[in-house]
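Visitor:
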Amino acid sequence: MDSFGQPRPEDNQSVVRRMQKKYWKTKQVFIKATGKKEDEHL
29 MDSFGQPRPE
39 DNQSVVRRMQ
49 KKYWKTKQVF
59 IKATGKKEDE
69 HL
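Quick look at the structure:
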């Protein structure tokens with residue numbers, strides 16, 4: 029945390045990375061379940 033009470037960018041980075049990992053895993057499962065092709069734009 030900086031003096032303004034905001035998360036530091038490096039803290040934010042790891043959170044974002046974790047969220048993205050979780051998102052991709054969920055997306056892969058969803059794609060397999062629905063049988064759709066992977067959309068590279070999302």
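29 is the number of the first residue of the sequence shown in our numbering; add one for each residue after it. Glycine residues also receive a C-beta, built at the ideal position from the N, C-alpha and C atoms.
1) Just the Cα atoms here: how many angstroms apart are Ala61 and Gln48?
2) To the nearest angstrom, how far is it from the Cα of Arg131 to the Cα of Phe32?
3) For Arg45, name the three-state secondary structure that DSSP assigns.
Guide: So, to answer that:
1) 20 Å
2) Lying outside 29 to 70, the shown extent of the chain, residue 131 is not represented and no answer is given.
3) helix
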